[in-house]
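Undergrad: Following this note's numbering, the numbering of the sequence shown begins with 4 at its first residue and continues without gaps.
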Amino acid sequence: MKNSVIAEKSFQLALKGVQFYQQVLQTNRDFVTERQFLRSITSVGANVREAQNAQSKLDFIHKLHIAQKECAETQYWLELMVATQRITEVQFDCLNKDCEEVFRILRSIILTTRRNLKLDSTYNS
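Right, here's the structure in full:
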């Protein structure tokens, strides 16, 4: 997975999240929701990186599944921040679009790996 699309996109997602959080700090609006958002958005890429060093295919799937859950949590925080008017619709759309893209890529990788794992066990029987 080194130099993979998901590794790059999840890193770029985290980078956008950090940059957004830095903007929040400049306006002195550091709230729990923004800190939770930062934690979850950076966790996506961290779990993808862990998956790159998985001990097995099952471990790989598990770590990517955690990344996918963190991506969904990030979307929750984005929805909450836009609903409470802590971010604009434009900020929401930009970050949520990227989150959705990463989520779909993760889901595809997980499903493909599971399918291949089943095929491997069928051929090895």
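Heads up, the beta-carbon is just placed ideally off N, CA and C, and yes, glycines get one too.
(1) Would you say E92 and S43 are within 8 Å of each other, going by their C-beta atoms?
(2) According to DSSP, simplified to helix, strand and coil, what is Q29?
(3) CA-CA distance, F106 and I69?
(4) Using alpha carbons as the reference points, say which of L61, K12, Q94, N56 lies closest to Y24.
(5) Name the two residues that bound the continuous alpha helix (DSSP H) containing F34.
(6) Would C102 and L41 be called neighbours here (beta carbons separated by less than 8 Å)?
(7) Pick from V51, I9, V8, R38: whose alpha carbon is nearest that of Q22?
(8) Report, in whole angstroms, the separation of the C-beta atoms of W80 and T36, which I expect to be a contact under 8 Å.
(9) Express the C-alpha separation of Q88 and K121 in angstroms, rounding to a whole number.
(10) May I have a chain-ordered list of the alpha helix (DSSP H) segments no shorter than 4 residues that lie completely inside the region 13 to 101?
TA: Judging by the given coordinates:
(1) Pairing E92 with S43 gives a Cβ-Cβ distance that is not under 8 Å.
(2) In the three-state scheme derived from DSSP, where H, G and I count as helix and E and B as strand, Q29 is classed as helix.
(3) Near 11 Å, if we compare the C-alpha coordinates of I69 and F106.
(4) Closest by alpha carbon: Q94.
(5) That residue, F34, is in no alpha helix (DSSP H); it is neither H nor E in DSSP.
(6) Cβ atoms of C102 and L41: not closer than 8 Å.
(7) For Q22, the nearest C-alpha among the options comes from R38.
(8) That belief holds up - the Cβ atoms of W80 and T36 are roughly 6 Å apart, short of 8 Å.
(9) Their Cα atoms are separated by approximately 46 Å.
(10) As summarised for the region 13 to 101, the continuous alpha helix (DSSP H) elements at least 4 residues long and confined to that stretch are 35 to 55, 60 to 86, given in chain order.
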